[in-house]
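Residue numbers (my numbering), protein chains in the order written: chain V, 1 to 388; chain E, 1001 to 1381.
Don't be surprised by glycine CBs; every beta carbon is placed ideally from N, CA and C.
Data first, discussion second: the structure below is written as C-alpha cells.
What follows is the structure in C-alpha cells.
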C-alpha cells in the first residue's frame, strides 16, 4: 500500500516535472491538485531572500514557522552560555541543570532563555536520534555535563598537568580537557549534524506528508521539517547574511560551515530556499539534491574543522591554553564525525581515533605528541578523502 | 516502477537545463603590464631551489659540524672540546636563523622549530630530565624548552660562572654521566628532527611544493605565507624583541627571556640575522647568486598591490618598513639582555617598527593575495 502510494507520488512528481520543462512558462493554476501552493519559479529565488518571508500560501499568508527549530538552537545556546558562566563568574556549574536544559525538564532556563521552559521541544530527544543506540550517545553527552561540573569545582585554581582549573581563560580538567568545548562541538555533531542531516533530511522525512496541513497550522509536515532545519542552523533572517571577512555572524554548526568550508557556506542559504521551493512544487528530485548538498557541506565542514584544530594544536609552541582550547575543539569534532554518515562515519570510527589520541593516555592532553596528532589527522583525511 | 523512476530521472535531466548556473569562484585576474608576475609556480620554484634548499644545505653543514664537536665534548669533556663545541654551536645557531622561517611543508608538519628553538630554556625541566633519563619524553610540548639550541645554551654556557665549574658538571659531579647522556640525547633529537625534514624536502616534497600552485589553504602559497607571517610576528617581533622588552607585557621587562640568554653577546646577532633572512626571502634573493628572482615581492607587484591609503606600491612600503625596523635593530649595541634593561625605549622602538611591518604583511599582503591567515582562531569562542 505504501509502495503504491509512493509510486503514485513519484508518478505525479514526474508528470509535474514534465509540465515544468518548458522553463516555467506554464500557468501555476493548472498545477496538480496535490500541490497546495502556487509553483515557485526557482529562478525567482534571491540568494539574499529572508527565509521566513519567502514562502506564503495562495492568500499571501506565511507558511514558514521557525519556532521549533529556533527554540532548539536557543536551548543549545543556553547550555553553552551556562557553561561559560563557570569561568566568567568563577562559579561551579551544576550537572543537573545541564541535564534539565538538555531534556527541557524542571524549568531550568532562566534570564533571556526563560521562555524556553514552556517550549514544545527539547534537545535530548533529537540528539543522536538516527543511530541504533541513541541512548548511549545521549548518556555520553550527559557524562560530559558531569565532567564539566566536576572540573568547574576547580575554576578558581590554575590548571597544570594532573590538576584541574583554569588554563588561561579556559576551564580544563586534570587531564587538560576543556569540557565546555567537548559539549559544544559534540552537540554540533550529535544534535545539529545528526538531526538535520540524518533525520530531517533522511529519505523517510523528505517523503513526509506534503498534501495536508498540520492541524491548526498553515504548513505541511514536510514544510515544517524544512523550516525546522533553518531554525536549528541560524538565528539570522538570511543564513550567512551577516558574514564579514573576519566573522561568520553565525554560531555553532553555522559558524564552522563558514570557517572551515567557505565554498560550501555560500551554497547553504540558496539550497535552503530552493529546497523549500521544491517542497512547494512537489519536486522531489530538486528537494533531494538540496538535501544532499546541505548534508555533504555540513559533513565536509565537520571533518575540516576536526583537521583544522588538530593542526592548531601544533601552531602553538608555548601557549598551553591556546593549545588545550584548540585540542578540545578538535576532540569534540572528532566525536561528531560519527554522525557524518554520508562519508561512512560511525561511533567505531570516532572512538578508533580518540582512543589512541587521548583516552588511553593517563595524562590526556598533556601527553599529546606530533605522532598522535598526525595519526588522528591521517585517519580523518583517509575517511573523508581530503588530500591536503 | 522502474520505468517511472526512469521518467523521473529524465524529468530531472530536463529540469536541470532550466536551473540557474552557478557562479565560478575565479582566482584574482593577473594584471598584464604591471611589473612583476603572478606566476606562482615560478615564485615557488625560485624560493625552493634558490633559497629554501640551499639554506637547509648550508645549515646542515654547520649543524653537522656542531654535532661532531658535541660528540667530541661528550666523549671527553675538556676546556678545548668545550670551546670548540661552543664555537660550533654559535655558528649553527646563527645559521638556524636563516631556516627557521621556512615554516611550510615538512618543517611545519614536524614542528621543526619546537625541537630547535623554544626559549627561554626550562632549566628546572632540563635538570629533571637529566635525572629521569630516557623515560623523559622529548616529544610532548612541555619538553620543547628542554631541548634544542636554548637547552644547549644552558648546558654549555649556563651551568656555572666559570668554565671549570661547567666542566665539573660533566666530569666530577655525581650526575655527570647522566648529564653527558642528556646532552647527547638532545643533539641526537635535533639531528633526527632535522634529518626528517631535510630528507622530505630532498626526497620529493620540493616537487610537491612547486606544483601545488593553487591559492587554497592546503597549497604552497597559502602555507608559505602563513608560516612566513607567523614567523615574523611571533618568533621575531614577539619572541626576540616584544616579550623581553616588555612591549607586549604592559612594560614588564623580561631580560631573562632573550634568545641565547647564557651567551648574551650573540642575541642581537641572532635577531639581526633572522630579520635579514626575512627581508631576503620576501625579495627572493638567491643564496647562490645574490640576485633577486620571483618572490612574494614580484608576486605582489604582479597583482598590482597598492597601499590602500597612499596608493603607492605595497612592496615598496613593506621594504621601506623592513628597512626602518632593521635600522632600529642595528642601532642597538652591546647585548640585548642589558639593553632591555638600560636602553629599553630603543628596544621597544624596534618592536613598534616591527609591529607596523606585521600589519603590512598580515593584513595588506594577505588581502592582496587573497590568502586567509589560518593560524589565528576566528570562531570567537
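CA-to-CA distance, residue 1310/E to residue 238/V, given in whole angstroms: 37 Å
Taking CB distances under 8 Å as the criterion, tell me whether residue 368/V reaches chain E. yes
So residue 1231/E and residue 1100/E are in contact, right, with Cβ under 8 Å, and what is the actual spacing, rounded? 7 Å
Alpha carbon to alpha carbon, how far is residue 1209/E from residue 229/V? Give it in angstroms, no decimals. 42 Å
Element boundaries [alpha helix (DSSP H), containing residue 358/V]: It is not in any alpha helix (DSSP H) - residue 358/V carries neither H nor E in the DSSP assignment.
For residue 169/V and residue 1272/E, what's the separation of their Cα atoms in angstroms? 35 Å
Residue from 344/V, 286/V and 92/V whose Cα sits closest to the Cα of residue 173/V: 92/V
May I ask you to verify whether the segment 1304 to 1321 of chain E touches the segment 1209 to 1226 of chain E, counting CB pairs closer than 8 Å and requiring at least 3? no
Less than 6 Å between C-beta atoms, sequence neighbours within five positions excluded: which residues of the same chain meet that for residue 299/V? 340, 342 and 343
Closer than 8 Å at the beta carbon, the chain E residues around residue 315/V: 1230 and 1375
According to DSSP, residue 1292/E sits in a beta bridge with which residue or residues? 1285/E
Alpha-carbon spacing of residue 257/V relative to residue 304/V, whole angstroms: 9 Å
Could you spell out the range, first to last residue, of the beta strand (DSSP E) harbouring residue 172/V? 170 to 172
Per-residue contacts from residue 323/V into chain E (C-beta, under 7 Å): 1141
Could you list the residues in the segment 81 to 95 of chain V with a C-beta less than 9 Å from some C-beta on chain E, going in chain order? 84
Can you check DSSP and say which residues form a bridge with residue 50/V? None, per the DSSP bridge assignment.
Residues of the segment 355 to 379 of chain V with Cβ closer than 8 Å to any Cβ of chain E, in chain order: 366, 367, 368, 369, 370, 371 and 374
According to the neighbour-count rule (16 or more other Cβ atoms, all chains shown, within 10 Å of its Cβ), is residue 1242/E buried or exposed? buried
Would you check if there are 3 or more beta carbon pairs closer than 8 Å linking the segment 1176 to 1192 of chain E to the segment 1065 to 1072 of chain E? yes
Buried or exposed: where does residue 42/V fall if 16 or more other Cβ atoms within 10 Å of its Cβ makes it buried? buried
Secondary structure, alpha helix (DSSP H): runs of 4+ residues fully inside the segment 119 to 168 of chain V: 134 to 152
Alpha carbon to alpha carbon, how far is residue 333/V from residue 188/V? 8 Å
Examine chain E for any beta-carbon lying closer than 8 Å to the beta-carbon of residue 158/V, and answer yes or no. no
Quick one: is residue 1144/E near chain V, going by C-beta distance under 8 Å? yes
Go ahead and label residue 251/V buried or exposed: buried means 16 or more other beta carbons lie within 10 angstroms of its beta carbon, across all protein chains shown. buried
Specify the secondary structure class of residue 1099/E as computed by DSSP and reduced to three states. coil
Looking only at its own chain, which residues have a Cβ that is under 6 Å from the Cβ of residue 1257/E, when we skip the five neighbours before and after it? 1120, 1243 and 1244
What residues from the segment 1117 to 1131 of chain E come within 7 Å of chain V, judged by C-beta to C-beta, listed N to C? 1118
So is residue 28/V in contact with chain E if we call contact Cβ pairs under 8 Å? Residue placement at residue 28/V is flagged as unreliable, the pLDDT there being 46, under the threshold of 50; the coordinate-derived value follows with that caveat. Not one chain E Cβ lies under 8 Å of residue 28/V.
Report yes or no: is there a C-beta of chain E within less than 8 Å of the C-beta of residue 318/V? yes
Give the straight-line distance between the Cα atoms of residue 1106/E and residue 1055/E, rounded to the nearest whole angstrom. 15 Å
State yes or no: is the C-beta of residue 1103/E within less than 8 Å of the C-beta of residue 1203/E? no
Closer than 7 Å by C-beta to residue 8/V: which residues in its own chain qualify, once you throw out the five before and the five after it? Chain order, please. Because the pLDDT of residue 8/V is 43, which lies under 50, any placement of that residue in the model is unreliable, and the number read from its coordinates should be weighed accordingly. Result list for residue 8/V: empty, nothing under 7 Å.
Secondary structure of residue 220/V, DSSP reduced to three states: strand
How about residue 1130/E and residue 1082/E: are their beta carbons less than 8 Å apart? no
Going by the beta-carbon positions, is the gap between residue 103/V and residue 124/V smaller than 8 Å? yes
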